[in-house]
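Engineer: Just passing along the structure, written as structure tokens.
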Amino acid sequence: MTTASNSGASLGNTASNNASNRMPEMRRVKTIHFVGIGGAGMGGIAEVLLNEGYQITGSDLGENQVVKRLTSLGAKITLGHHQDNVNDASVIVVSTAINAENPELLAAHQQRIPVVRRAEMLAELMRFRHGIAIAGTHGKTTTTSLIASIFAQANLDPTFVIGGLLNSAGTNARLGSSRYLIAEADESDASFLHLQPMVSVITNIDEDHMETYQGDFEKLKDTYIEFLHNLPFYGLAVVCLDNPAVREILPRISRQVITYGFCQDADVRATKYQQSAGVSSFVVERKDHAPLAISVNLPGEHNVLNALAGVAVAIDEGVADNAIQQALQNFAGIGRRFEQLPTLRTEQGEMMFIDDYGHHPTEVKATIAAMRNGWPEKRLVMVFQPHRYSRTRDLYEDFVEVLSEVDCLFLLNVYGAGETPIANADSKSLARSIRQRGQIEPIYVSDSDKLAELLAAQLRDNDMVITQGAGNIGTIANNLATDKKLTVAL
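Our numbering runs 560 ahead of the 1-based position in the sequence shown.
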């Protein structure tokens, strides 16, 4: 066990010139090509490999911040997919979002270039490191970011791959100089089964991506158990006991386990929880240790659980209490995870403006609760963009219930993410069902270009505005801040 003290290390430094932590070289691999390199998970792995010394090429349909960053670091990225893009590649990395008929995949198969999934490449990065994998339906990105921040504060200099922009690092991935690799484990396509970490965290298990599991929640739970059993016999499972599905599978886990939660029987327990605006404070009760007072720059009970997972992992690794406290107190947040944007200044007054990635009813409900708790005096205005027709269909009634809890609701069209529209699983249907429920009068926005004008007609001084969803709504949010139909000049 490592005993780590508080050093105030920065996550922004790079360790690309430090060869001591490099994994053994992948023989016969010189150039690694990523199809869909602009995704957060894909781009993160590409950045780590780039700093390992591999030549990185990639393609994507458009340019985003991930593409721009990788290009600035030396990756050669082409906009658009073409068979010639793979000619120099030793191996191709793809995510499940890439269609099997993609011309680059077809060319790779024709040229007998190995094609691996994103999780397989992440597993290769993890194979020679002390891997810490964070899985769960909700909270993976935040929990991964918190653990990486704690380890950095303790001068453990981890490598990390995160599904969102870690503000303190200015990136979602980094090559560290130590043996630690902290990464999200993606259950959406069951590809997390490729990973063989030393520590696995399960934040919760909920119904999502059920097409992967043939609509069978029992199969989903079984897959999580299989994921935990990829741990070596001396590995550690860190699991949230507050989640009913996690509690249910606990007797079937034949690995060492540390539980965490608000519940009385958790090994690492949060007590005396309070929220003041966007800051959560609580006390950690733990076996064989004194209580630990924590303050974290994240609102809501769900984020206390995310922080508690980080505390549990850090305690097991021997991280000093003051490093844990300082990392959480100084946590600068993650892009699109309850991200506070510049104040909206309109003719109606000033409004707090939040952008959040949550797109599952459980996540939306937790976000609403955090806002009500931290800013009870504010009227809550939500702009929601449903993500995927299949999710909207499968969780339809849950969406109707939770979206009815805001004071004013704008519904954008479903972001299909490549799916074919499904009858009665669109935003117009959602608006109709919410209206019939009778709590609020939703506003269906058929054209997002008209959103600013529609918002301007409804907003009041001191409102709290949140854009919510996993599609392109983050871009829409940034555009709102400068839209003259809504904002006024300073």
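Positions of the beta carbon are idealized from the N, C-alpha and C atoms, including for glycine. The structure presented is a predicted model; accordingly, all values stated were derived computationally and were not measured.
1. Once DSSP output is grouped into helix, strand and coil, what is the label at histidine 947?
2. Determine the extent of the beta strand (DSSP E) in which methionine 1035 is found, giving its start and end residues.
3. CB glycine 870 to CB isoleucine 982, shorter than 7 Å?
4. So lysine 781 and alanine 805 are in contact, right, with Cβ under 8 Å, and what is the actual spacing, rounded?
5. Of all the beta strand (DSSP E) runs that stay within the bounds of the segment 591-655, which reach a length of 3 or more residues?
6. For glutamate 877, which of helix, strand or coil comes out of DSSP?
7. Taking the alpha-carbon of alanine 729 as reference, which of Tyr956, Leu571, Ala930 and Met681 has the nearest alpha-carbon?
8. Count the other CB atoms within 10 Å of the CB of leucine 621; is the residue buried (16 or more) or exposed (fewer)?
9. Assign arginine 812 to one of two classes, buried (16 or more other C-beta atoms within 10 Å of its C-beta) or exposed (fewer than that).
10. Does DSSP classify tyrosine 970 as helix, strand or coil?
11. Between asparagine 1038 and lysine 847, what straight-line distance do the alpha-carbon atoms span, to the nearest angstrom?
12. Helix, strand or coil for lysine 1045 per DSSP?
13. Could you tell me how far apart the beta carbons of valine 828 and leucine 868 are, in whole angstroms, since I believe they sit closer than 8 Å?
14. Taking glutamate 771 as the reference, which of Asp954, Asp876, Pro792 and Ala635 has the closest Cα?
15. Report the option in Gly723, Arg629, Glu1013 and Asp881 whose CA atom is closest to the CA atom of asparagine 611.
16. Pick helix, strand or coil for glycine 724, following the three-state DSSP scheme.
17. Taking the beta strand (DSSP E) that lysine 832 belongs to, which residues open and close that run?
18. Considering only the beta carbon of each residue, do tyrosine 820 and alanine 872 sit closer than 7 Å?
19. If we count the other Cβ atoms within 10 Å of its Cβ and call it buried at 16 or more, is tyrosine 1004 buried or exposed?
20. Count Cβ pairs between the segment 892-906 and the segment 981-995 that sit closer than 8 Å; are there 3 or more?
21. Starting from phenylalanine 842, trace the beta strand (DSSP E) both ways and give me its first and last residue.
22. Write down the C-beta distance between alanine 1012 and lysine 1045 rounded to the nearest angstrom, noting that I regard them as a contact closer than 8 Å.
23. Going by the DSSP bridge assignment, what does glycine 821 pair with across the sheet?
24. Closer than 7 Å by C-beta to leucine 1050: which residues in its own chain qualify, once you throw out the five before and the five after it? Chain order, please.
25. With a threshold of 8 Å, are at least 3 pairs of Cβ atoms found where one atom belongs to the segment 591-611 and the other to the segment 753-766?
26. Can you give the Cα-Cα distance for glycine 1029 and valine 844, rounded to whole angstroms?
27. Give me the Cα-Cα distance between glutamine 554 and asparagine 866, rounded to the nearest whole angstrom.
28. Comparing alpha-carbon positions, which option in Ala657, Gly618, Glu965 and Gln835 lies nearest proline 649?
29. Going by beta-carbon coordinates alone, are isoleucine 597 and isoleucine 637 separated by less than 7 Å?
30. Taking 7 Å as the cut-off, decide whether the C-beta atoms of asparagine 727 and glycine 934 are in contact.
31. Is DSSP giving valine 589 helix, strand or coil here?
32. Between which two residues does the beta strand (DSSP E) containing glutamine 1028 stretch?
33. Could you spell out where the alpha helix (DSSP H) holding alanine 1016 opens and where it closes?
34. Can you confirm whether the segment 667-682 touches the segment 696-712 when touching is taken to mean that 3 or more C-beta pairs between the two stretches lie within less than 8 Å?
35. Who are the Cβ neighbours of threonine 763 in its own chain at under 8 Å, not counting the five residues just before and after it?
36. Specify, as a first and last residue, the run of the beta strand (DSSP E) that glutamate 744 falls within.
Structural biologist: The short version:
1. strand
2. The question names methionine, but residue 1035 in the sequence shown is threonine. Per DSSP, threonine 1035 belongs to no beta strand (DSSP E); it is in the alpha helix (DSSP H), 1033-1040.
3. For the 7 Å CB-CB criterion, glycine 870 and isoleucine 982 do not form a contact.
4. 6 Å
5. 591-595, 615-620, 636-639 and 651-654
6. helix
7. Leu571
8. exposed
9. Its Cβ having fewer than 16 others within 10 Å, arginine 812 is exposed.
10. The displayed chain sequence assigns phenylalanine, not tyrosine, to residue 970. Of the three classes helix, strand and coil, the one that applies to phenylalanine 970 here is strand, per DSSP.
11. 45 Å
12. coil
13. 6 Å
14. Asp954
15. Arg629
16. strand
17. 828-836
18. yes
19. buried
20. Under the 8 Å Cβ criterion, the segment 892-906 does not count as touching the segment 981-995, having fewer than three qualifying pairs.
21. 839-846
22. 4 Å
23. Arg829
24. Below a pLDDT of 50, predicted positions are generally treated as unreliable, and leucine 1050, at 40, falls in that range; no measurement from the model is reported.
25. With the cut-off at 8 Å, the segment 591-611 and the segment 753-766 do not touch.
26. 32 Å
27. The requested residue 554 does not occur in the structure, where the chain is confined to residues 561 to 1050.
28. Here the sequence assigns alanine to residue 649, which means proline is not the residue at that position. Of the candidates Ala657, Gly618, Glu965 and Gln835, the one whose C-alpha sits nearest the C-alpha of alanine 649 is Gly618.
29. yes
30. no
31. coil
32. Judged by DSSP secondary structure, glutamine 1028 falls within the beta strand (DSSP E) whose first and last residues are 1024-1028.
33. 1011-1016
34. As far as the Cβ criterion goes, the segment 696-712 does not touch the segment 667-682, which means the pair count is below three.
35. Ile694, Ala695, Gly696, Thr697, His698, Gly699, Lys700, Thr703, Cys800, Asn803, Leu865, Asn866 and Ala869
36. 740-744
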